[in-house]
Amino acid sequence: MNRNELRKADINLMVVFETLMLERNVTRAAEKLFLGQPTISSALNRLRTMLNDPLFIRVGHRMEPTARAEDIYRHLKPALDSLSVALSLTRDFDPAVSTMTFRIGLSDDVEFGLLPPLLRALRQEAPSVVFVVQHVDYWRIPDLLAAGDITVGISQTRGLPANAKRKLLRHIQPSILRADKSDTPLTLDEYCARPHVLVSHTANVSGYADEWLADIGRTRQVVLSVPQYSSLPALLAGTDLIASLPDYTAEAMAASGLLFKEPFPFKTPTLDLSMVWLSHVDSDPAERWLRSRLEQFMSERPVMSSLA
């Protein structure tokens, strides 16, 4: 197709095609694009005519792309990314009047421990901006970024896409949270003897602390595994249970005066909390503003006004 023929192309159709490639389902694509299902079906019929290919074959509840659809997508995605970057550079971003919706991914510990002070500040700076928070962990971040469900994520990270950028925000200091106040921190023996609550998003009964204890020939007893940190204050209250969690989350929970934070009774490896995003939003003024504020309020050493 030469440049003159591009006049016949509809960018909206290309966005629908990209979304169908990611979702493999008309209903989910419609929900993601805030369109009706008939609109997506009509767009798919137009795409099939324009590209002279069925594009998707229904297999059970999924729509599997044809070989030609896969080939088109490989060329189309970077083109749409570049177009998005070019358009973003034509506009400034003023948080005071913006009504944009930002989609960010936060791990549960970050949402509890670090989001509230950020939100209080942003309500003053950007009162009409909307924030949609999704739960992430190091398994989900790559897929959510690739699908466009979030534009930036903050969590512990492992494998990331080749086009991802990462910025270290802080080193996580593991802490202990307990409901019974004491003038002296737990010893290693006491830590191993007490019953533990483990926060596990995958319903495990062992975690980092168990690996660290194994390295020094010790074990602990996990008697309860829960999927999120927010339930810990109610669960620990009035019991001898203890929980191991990041320092910033423990500090937020201890602020009520009903729970007490103390350091681990043994040396632990360093864990990192990072912010990640994809390169195609790197220069977007709005996304740069968002990343600068996330860094300012969630990093170990707050940055006053840098643009990441």
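Position in the sequence shown (first residue = 1) + 6 = the numbering used here.
Note that beta-carbon positions come from the ideal geometry of N, C-alpha and C, so glycine has one too.
Simplified DSSP assignment, three categories, for residue i
| i | result |
| --- | --- |
| Arg297 | helix |
| Arg64 | strand |
| Glu306 | coil |
| Phe248 | Note that residue 248 corresponds to Ile in the displayed sequence, not to Phe. The answer is strand: DSSP assigns Ile248 an E or B state. |
| Ala314 | With a pLDDT of only 44 at Ala314, under the threshold of 50, the placement of this residue in the model should not be trusted, and no figure is reported. |
| His286 | helix |
| Asp87 | helix |
| Lys267 | strand |
| Leu279 | strand |
| Gly111 | strand |
| His81 | helix |
| Leu259 | Checking the sequence shown, residue 259 turns out to be Met, not Leu. Helix at Met259. |
| Lys171 | strand |
| Phe137 | strand |
| Leu230 | strand |
| Leu41 | coil |
| Arg176 | strand |
Residue i versus residue j: straight-line alpha-carbon distance, rounded
| i | j | result |
| --- | --- | --- |
| Arg52 | Ala75 | 14 angstroms |
| Val135 | Ser305 | 22 angstroms |
| Glu131 | Thr190 | 43 angstroms |
| Leu174 | Glu117 | 17 angstroms |
| Glu268 | Ile182 | 5 angstroms |
| Asp115 | Ala199 | 25 angstroms |
| Leu1 | Ile17 | Lying outside 7 to 314, the shown extent of the chain, residue 1 is not represented and no answer is given. |
| Ser280 | Leu166 | 12 angstroms |
| Glu70 | Pro60 | 11 angstroms |
| Lys171 | Leu57 | 34 angstroms |
| Gly244 | Ala49 | 59 angstroms |
| Thr225 | Leu194 | 10 angstroms |
| Arg30 | Gly263 | 49 angstroms |
| Ser231 | Asp155 | 28 angstroms |
| Ser311 | Ser298 | Low confidence applies here, because Ser311 scores a pLDDT of 42, under 50, leaving its location unreliable; read the following figure in that light. The alpha-carbon atoms of Ser311 and Ser298 are separated by roughly 7 angstroms. |
| Gly119 | Leu300 | 13 angstroms |
| Asp290 | Ser104 | 14 angstroms |
| Ala15 | Leu89 | 14 angstroms |
| Asp186 | Asp246 | 7 angstroms |
| Leu19 | Asn210 | 43 angstroms |
Proximal residues to residue i (C-beta, below 6 angstroms), its chain only, five neighbours per side dropped
| i | result |
| --- | --- |
| Tyr215 | In the sequence under discussion, the amino acid at residue 215 is Ala, which differs from the Tyr named in the question. The answer, listed in chain order, is Ser250. |
| Leu192 | Pro271 |
| Ala153 | Leu28 |
| Ile63 | Glu70 |
| Val309 | Residue placement at Val309 cannot be trusted, given a pLDDT of 46 that sits under 50; the coordinates are not used to answer. |
Chain C contact for residue i (CB, 7 angstroms cutoff)
| i | result |
| --- | --- |
| Ser305 | Among the chains of the structure shown, chain C does not appear; only one protein chain is present. |
Same chain only: Cβ atoms within 7 angstroms of residue i, ignoring 5 sequence neighbours per side
| i | result |
| --- | --- |
| Ser47 | Val32 |
| Thr55 | none |
| Phe137 | Phe108 and Ile110 |
| Gln43 | Val32, Thr33 and Ala36 |
| Ala256 | Ser181, Leu183 and Lys267 |
Residue closest to residue i, alpha-carbon to alpha-carbon, out of the options
| i | options | result |
| --- | --- | --- |
| Leu284 | Asn169, Gly223 and Leu174 | Asn169 |
| Val341 | His202, Ser188 and Thr157 | Residue 341 is absent from the structure shown; the chain starts at 7 and stops at 314. |
| Arg109 | Asp221, Leu19 and Val282 | Val282 |
| Gln302 | Val103, Met106, Leu125 and Leu39 | Leu125 |
| Ile147 | His67, Ala209, Asp278 and Leu112 | Leu112 |
| Ala258 | Leu39, Thr72, Gly66 and Pro123 | Pro123 |
heavy atom of the ligand ZN below 6 angstroms from residue i C-beta
| i | result |
| --- | --- |
| Ala15 | No copy of the ligand ZN appears in this structure; indeed no ligand is present at all. |
Neighbourhood of residue i by C-beta, 8 angstroms cutoff - its chain only, sequence neighbours within 5 removed
| i | result |
| --- | --- |
| Ile248 | Ile182, Leu183, Arg184, Leu192, Tyr197, Arg200, Pro201, His202, Val203 and Leu242 |
| Trp218 | Phe272, Thr274 and Pro275 |
* Asked: Is the stretch 169-183 touching the stretch 237-253 in the sense that three or more CB pairs, one from each, lie closer than 8 angstroms?
  -> Counting Cβ pairs under 8 angstroms, three or more are found: they touch.
* To do: Spell out a yes or no on whether the stretch 151-167 and the stretch 231-242 are touching, meaning 3 or more CB-CB pairs, one atom from each, closer than 8 angstroms.
  => Between the stretch 151-167 and the stretch 231-242, the count of C-beta pairs closer than 8 angstroms stays below three; the two stretches do not touch.
* Would you be able to state if there are at least three C-beta pairs under 8 angstroms between the stretch 17-28 and the stretch 69-86? => Using a Cβ-Cβ distance cut-off of 8 angstroms, the stretch 69-86 and the stretch 17-28 are in contact, since at least three pairs of beta carbons, one from each stretch, lie closer than that value.
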